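Chemist: Numbering (the working numbering), first residue to last: -14 to 71. The beta carbon of each residue, even a glycine, is placed where N, CA and C say it ideally should be. All values derive from a computational prediction rather than experimental measurement.
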């Protein structure tokens, strides 16, 4: 994302911590549970804690949660794609 991009999804991604951004990118790319867990552990976090943080930021930025039942909600995948490096 560019600093001039005022998309709610750009604001969402830039508001995330490094750990949350990495976790979201991996989840978007279809990473398995073991990979997601390892990524969370690298940042001394648990996956559920990262998901909770991502969803809190999403509520502020887009007015809805982004992750449910371990999956990015399909409604938002296309809009989110340009802001994640997979």
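Quick one: measure Cβ to Cβ for residue -2 and residue 68, integer angstroms, because I've assumed they're closer than 8 Å.
Modeler: 4 Å
Chemist: Taking just the CA atoms, how far does residue 22 sit from residue 50?
Modeler: 20 Å
Chemist: Note down, in chain order, each residue of its chain lying with its Cβ closer than 6 Å to the Cβ of residue 29, except the 5 sequence neighbours on either side.
Modeler: none
Chemist: Among the residues of its own chain, which have a CB less than 6 Å from the CB of residue -8, if the five just before and after it don't count?
Modeler: The answer is none, since no qualifying residue turns up.
Chemist: I'd like to confirm the pairing. Which residues does DSSP put opposite residue 52 in its beta bridges?
Modeler: 57
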